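For reference, the structure discussed in these notes is given below.
Protein chains: 2
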Amino acid sequence: MTGVRKPNRRQSGQPTIADVARAANCSPMTVSRVINNEDSVRRDTREAVLEAIGKLNYRPNRAARSLAGGEQLRIALLFDNPSSSYLAEFLVGALEEAGRIDAQLIVQGLGDQPDDHGKDGKKLIRKLLDAGIRAFVLPPPLCDSQDVLDLITNEGGIAVAVGPGFASGTGAAVLIDDYQAAYDMTSHIIGLGHQRIGFIIGNPEQVAAARRLNGYRQAMTDAGLAIDEKLVVQGRFTYRSGMDAAERMLSAAVPPTAIFASNDDMAAATVAVAHRRHLDVPSDITVCGFDDTDLARSIWPELTTIRQPIREMTAWAVETAARLVRTKRNGTRIEAENKFMPYALVRRESDAAPSLASRKDEVRP
Amino acid sequence: MTGVRKPNRRQSGQPTIADVARAANCSPMTVSRVINNEDSVRRDTREAVLEAIGKLNYRPNRAARSLAGGEQLRIALLFDNPSSSYLAEFLVGALEEAGRIDAQLIVQGLGDQPDDHGKDGKKLIRKLLDAGIRAFVLPPPLCDSQDVLDLITNEGGIAVAVGPGFASGTGAAVLIDDYQAAYDMTSHIIGLGHQRIGFIIGNPEQVAAARRLNGYRQAMTDAGLAIDEKLVVQGRFTYRSGMDAAERMLSAAVPPTAIFASNDDMAAATVAVAHRRHLDVPSDITVCGFDDTDLARSIWPELTTIRQPIREMTAWAVETAARLVRTKRNGTRIEAENKFMPYALVRRESDAAPSLASRKDEVRP
DNA sequence: CTGAAAGCGCTTACAG
DNA sequence: CTGAAAGCGCTTACAG
């Protein structure tokens, strides 16, 4: 009477798709369909399955899923950002999310040649596409390159941009409202009483840099303040470029009483230049940054700056990349998707009202 | 004559364990044994398998492995380092290696409460152990806590330390010779002509901090220079602690002509304090750091410092953690293992010979 | 709209 | 030291 004893190799004791099928009185196949959101399931069948899933607290086994599906969800995470504190946040956010959704992250830097990014990036992406990777998470300036985006799209890949100037037409993008953030910071500085406010522009390859510049300009205009074009200086988001820009501005016949650098590296450089010229920050000059990287708290005085939720942004990017790959595989059309995240103005010690000494130099409108 | 056509569901075209078995003229089982480093495989069999693996460029399918094995190689990567440029390097090294060996990384930060690390760390590690994770890669100061190490060992886990003061008795450690590196830097400063050289000590919880201090002391003594204990000041590896220490030293009746801060954050703070006091670096005072984080190149002047190969160190740690877990699973006894990596003194712009003005203040021995 | 069968690529549990 | 069989938990490819 005794049948062959089936060896039990189940480890976890977790319910399986078969358990759910039994509880819902259907086949495992139907459960699978419900899990994967296919719409060819009758409404009440679906509901019964969902109820069983809930009751049993069933969670699909990811390993089985990817083995059977012949897929392994691999997401390439390219980075190229000069700021390693940005990078650290970027990576941590991605790793946490990848762990959550069981995606494998392929992390690749773009080398250290500062001006070859376009080419390097395309070469690397081509290699990854050849290796069968279809999902890419791209930080700026890579995600601002239409060439790069086109390359990925043409090969059937998915690109999710983190912090671009605009969303790509074929993928998704997560960003903050750089324009509004710069507008807010500029208004904050104006609110302190400053009128001659300098601005250091970021890397011209990044659209976000232009948006920050526009925010500054509009805030100045809205406050009825004239913009002295000598005080709007091109930088490249690097420390070195910030030093050059600050030197130029502080050598002006009538120097600014405040400088808004469009990232923290350039703001830190501005503080260093000010100190070298024996100017106190903030009593002689206000300096504000953007990004709230570690550097903002690793210099003295600590920087007033704009904080982006970088971790959350990358996490969203990874999750979205995974989702879009699945969507695409199902043949569903993908709509461009933009996700705006909140930012915050973080006030620290590098800003203050202009001193009387500097005020008398000001050109009143 | 036509048999049943077997549907082919293979997607990737990647070679499987069966392909390797065919090429090596053995069973899949034997290939599996070789992959998993079991030692019950005859030498020439193993070699044939390895050759086939190499020739076919075979990579085990992760999903199949964890589905069949009921488990997945998961390595917890804990971090707690205040420096995000260190963290970025740390993560990139780990990710690259994890991709290579196909391990899943569980990345966890220890929160932001600065003084609760011991407790927090233990709690988190216990949670991870409960979740079945057996491999841990730990940076300082976590890896310097015997409590933490014991906890992991007692639960049958493996700990690999990155940059500890000493190797744990039950796991492995990868480090540089902090003592010798500090000795070299001190000798370098002495070689420039300095005699009053201050030193800022790091976090007392980290054994590496003490080693750096010892290197400094020995180099001074070997050069026949007296150490003024007023110029050996306790810091905590943070920017803030570096500022306090530098303030103290530069307020001394006879201030130093050079300061060797035992990490870059404290060195950067020292430069800021010097600037605030209108001292030029390096013409008025030499400042050197340790670690060569991004910060070293994000301030002006750029710091002369000691570079550690952090990426390589973490990569080794991940690889070793994976290897030790497998070894342990096989029941083989694990020997403590120490890996020393090379370091380099990177000379930049923050050091110079002492000026004549400062020389005349010096106490000649 | 639903299901029975076969298979994904590996490992466990035996057996020799 | 080596291998044949069965199974991990899911999905694909068919068939109705």
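For the protein sequence lines, the chains are A and B, in the order given. Under our numbering, the first residue of the first sequence carries the number 1, and numbering increases by one thereafter. Under our numbering, the first residue of the second sequence carries the number 366, and numbering increases by one thereafter. Idealized CB from N, CA, C, for every residue including glycine. In this text, all values refer to a predicted model and were calculated from it rather than measured experimentally.
Three or more beta-carbon pairs separated by less than 8 Å link the stretch 465–475 of chain B to the stretch 677–688 of chain B, which places the two stretches in contact. The DSSP-derived three-state label of threonine 305 of chain A is strand. Threonine 651 of chain B is positioned such that its CB atom lies no closer than 7 Å to that of aspartate 587 of chain B. Between leucine 138 of chain A and alanine 161 of chain A, the C-beta gap is smaller than 7 Å, which places the two residues in contact.
In the same chain as tyrosine 423 of chain B, and ignoring 5 residues on each side of it, the C-beta atoms closer than 6 Å to its own belong to Pro380 and Val385, in chain order. Residue-level contact check: leucine 644 of chain B does not touch chain A, since none of the beta carbons of chain A fall below 7 Å from its beta carbon.
Sequence-distant partners of valine 41 of chain A (beyond 5 residues in either direction) whose C-beta falls short of 7 Å from its own C-beta, in its chain, are Thr30, Arg33 and Val34. Nearest to alanine 623 of chain B by alpha-carbon distance, out of B:Asp659, B:Arg642 and B:Ser720, is B:Ser720. Arginine 74 of chain A is bridged by DSSP to A:Gln104.
Residue pairing from DSSP places glycine 198 of chain A in a beta bridge opposite A:Ile259. Histidine 643 of chain B counts as exposed, since fewer than 16 other C-beta atoms from the protein chains shown sit within 10 angstroms of its C-beta.
Contact annotation: the stretch 517–524 of chain B does not touch the stretch 547–556 of chain B, with fewer than three C-beta pairs closer than 8 Å. Here the alpha carbon of glutamate 667 of chain B sits roughly 5 Å from the alpha carbon of glutamate 714 of chain B. Under the three-state reduction of DSSP, leucine 192 of chain A is assigned to coil, being neither helix nor strand. Taking threonine 679 of chain B as reference, the option from B:Glu454, B:Ala611 and B:Val472 with the minimal CA-CA separation is B:Glu454. Scanning its chain for C-beta atoms nearer than 7 Å, with the 5 sequence neighbours on each side dropped, one finds around serine 27 of chain A the residues Ala21, in chain order. When DSSP reads this structure, aspartate 656 of chain B sits in a beta bridge with B:Arg672.
Here arginine 248 of chain A is near valine 233 of chain A, since their CB atoms are less than 7 Å apart. Look at the stretch 616–627 of chain B: it has no residue with a C-beta under 8 Å from a C-beta of chain A. Using beta-carbon distances, tyrosine 604 of chain B counts as an interface residue toward chain A, with a partner under 7 Å. Judged by DSSP in its simplified three-state form, glutamate 337 of chain A adopts strand.
Short of 6 Å from the beta carbon of glycine 215 of chain A, and not among the five residues preceding or following it, lie these beta carbons of its own chain, in chain order: Tyr179, Ala182 and Tyr183.
The residue from A:Tyr343, A:Arg333, A:Leu324 and A:Gln108 with its alpha-carbon nearest to that of arginine 134 of chain A is A:Leu324.
Scanning its chain for C-beta atoms nearer than 7 Å, with the 5 sequence neighbours on each side dropped, one finds around leucine 710 of chain B the residues Asp549, Met550, His553 and Ile671, in chain order. Pairing proline 256 of chain A with arginine 196 of chain A gives a Cβ-Cβ distance under 7 Å. In this chain, the alpha helix (DSSP H) harbouring isoleucine 382 of chain B covers 382–389. Across the set A:Thr45, A:Arg211, A:Asn36 and A:Ser251, the C-alpha of A:Asn36 shows the shortest separation from the C-alpha of arginine 65 of chain A. Threonine 286 of chain A has A:Ala258 as its beta-bridge partners, per DSSP. Flagged as an interface residue toward chain B: serine 66 of chain A, by a C-beta distance shorter than 7 Å. Taken through DSSP and simplified to helix, strand or coil, isoleucine 523 of chain B comes out as strand. Taken through DSSP and simplified to helix, strand or coil, phenylalanine 237 of chain A comes out as coil.
Taking a C-beta cut-off of 7 Å against chain A, the contacting residues of the stretch 663–692 of chain B are Ser663, Ile664 and Trp665, listed in chain order.
If you check the CB distance, isoleucine 200 of chain A and methionine 266 of chain A come in under 7 Å. Around the Cβ of phenylalanine 340 of chain A, a 10 Å sphere holds fewer than 16 other Cβ atoms; the residue is exposed.
DSSP places alanine 272 of chain A in the helix class (H, G or I) of the three-state scheme.
The CB of glycine 99 of chain A comes closer than 8 Å to the CB of Gln469, Leu470, Ile471 and Val472 in chain B, given here in chain order.
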